[in-house]
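Novice: Just dropping this structure here.
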């Protein structure tokens, strides 16, 4: 494919058997600077579909597939032979990575996502007892992580 000027489009199946997770359930993707390539495409697509909250560090920035090409018997170079193009943004994350919605060190991403999930549940909780339980969980997680949010 290297050197060609062709374009291939990839699609998923319109109908998939089985139960659905549901588009209204919160979804979180945790990232780090080591998140790269296919994991970035998954993250980029969910972010630009407004389907997930991205939590962690900016990803590594590898959007172009490629491979090693031999130059001599003892020397090779890696060359890109493709480019991912998102249908929404008309571009990709090559060289820039994907900025998370919630920026936090990778080591704290799970706790930050958990806290954000609890806060989102709290914002929509109608039952006062459920709100109290969520308030207690938020306070406990906040205390455990050394934060100051409620």
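Residue numbers (our numbering): 935 to 1084.
Every residue, glycine too, gets a C-beta built ideally from N, C-alpha and C.
(1) Out of 1016, 1052, 1074 and 993, which has the shortest C-alpha to C-alpha gap to residue 1037?
(2) If you follow the beta strand (DSSP E) that residue 962 is part of, which residue opens it and which one closes it?
(3) Suppose contacts are defined by Cβ-Cβ distances below 8 Å. Is residue 987 in contact with residue 977 by that definition?
(4) Considering Cα atoms alone, identify which of 982, 1074, 972 and 1053 is closest to residue 1021.
(5) Spell out the partners DSSP gives residue 1013 in its beta bridges.
(6) How many Å lie between residue 942 and residue 954 at the Cα?
(7) What does DSSP give as the partner residue(s) for residue 989 in the beta ladder?
(8) Spell out a yes or no on whether the stretch 989–1008 and the stretch 1036–1055 are touching, meaning 3 or more CB-CB pairs, one atom from each, closer than 8 Å.
(9) Determine, using beta carbons only, whether residue 1016 and residue 998 come nearer to each other than 8 Å.
(10) My guess is that residue 1030 and residue 1000 are in contact by the Cβ rule of under 8 Å, so how many angstroms apart are they, rounded?
(11) When you compare only the Cα positions, how much space is there between residue 1018 and residue 1027?
(12) Taking just the CA atoms, how far does residue 957 sit from residue 951?
(13) Within the same chain, show all residues whose beta-carbon is closer than 8 Å to that of residue 1084, passing over the 5 residues directly before and after it, in chain order.
(14) For residue 1025, which residues of its own chain have a beta-carbon under 8 Å away from its beta-carbon, when the five flanking residues on both sides are left out?
(15) Output needed for residue 971: all residues of its chain with C-beta closer than 6 Å, excluding positions within five of it in sequence on either side, in chain order.
(16) Counting C-beta neighbours from all protein chains within 10 Å, is the total for residue 1039 16 or more, i.e. buried, or is it exposed?
Specialist: Inspection of the coordinates gives the following:
(1) As a working note, residue 1037 is residue 103 in the chain shown. Ranking the options by Cα distance to residue 1037, first place goes to 993.
(2) Position 28 of the chain shown, counting from 1, holds the residue named residue 962. 962–965 is the span of the beta strand (DSSP E), which, as asked, contains residue 962.
(3) By 1-based counting over the chain shown, the position of residue 987 is 53. By 1-based counting over the chain shown, the position of residue 977 is 43. No; because the gap between Cβ atoms is not below 8 Å, this pair is not in contact.
(4) The sequence position of residue 1021 within the chain shown is 87, counting from 1. Closest by alpha carbon: 982.
(5) Indexing the chain shown from 1 puts residue 1013 at position 79. DSSP, once it has assigned bridges, lists 1001 as partnering residue 1013.
(6) Position 8 of the chain shown holds residue 942. Position 20 of the chain shown holds residue 954. Their backbone Cα atoms lie some 28 Å apart in a straight line.
(7) Numbered from its first residue, the chain shown carries residue 989 at position 55. Note: residue 989 sits in a beta bridge opposite 964 and 1036.
(8) yes
(9) By one-based count along the chain shown, residue 1016 stands at place 82. By one-based count along the chain shown, residue 998 stands at place 64. Yes, they are a contact pair.
(10) Counting from one through the chain shown, the residue named residue 1030 turns up at place 96. Counting from one through the chain shown, the residue named residue 1000 turns up at place 66. Rounded, the Cβ-Cβ distance is 18 Å, inconsistent with contact.
(11) On the chain shown, residue 1018 is found 84 positions in, with the first residue counted as 1. On the chain shown, residue 1027 is found 93 positions in, with the first residue counted as 1. Their backbone Cα atoms lie some 9 Å apart in a straight line.
(12) Here residue 951 refers to the residue found at position 17 when the chain shown is read from its first residue. Here residue 957 refers to the residue found at position 23 when the chain shown is read from its first residue. If I take the Cα positions, the gap works out to 16 Å.
(13) Taking the chain shown and counting its residues from 1, one reaches residue 1084 at position 150. Only weak support exists for where residue 1084 lies, its pLDDT of 41 falling under 50; the value from the coordinates is given anyway. Cβ within range, chain order: 1069, 1072, 1073 and 1076.
(14) Reading the chain shown from its first residue, position 91 is the one you call residue 1025. Answer for residue 1025: 1019, listed in chain order.
(15) As a first step, residue 971 is located in the chain shown; it is residue number 37 there, counting from the start. Here the set comprises 996.
(16) In the chain shown, counting from the first residue as 1, residue 1039 sits at position 105. Exposed, by the Cβ-count rule.
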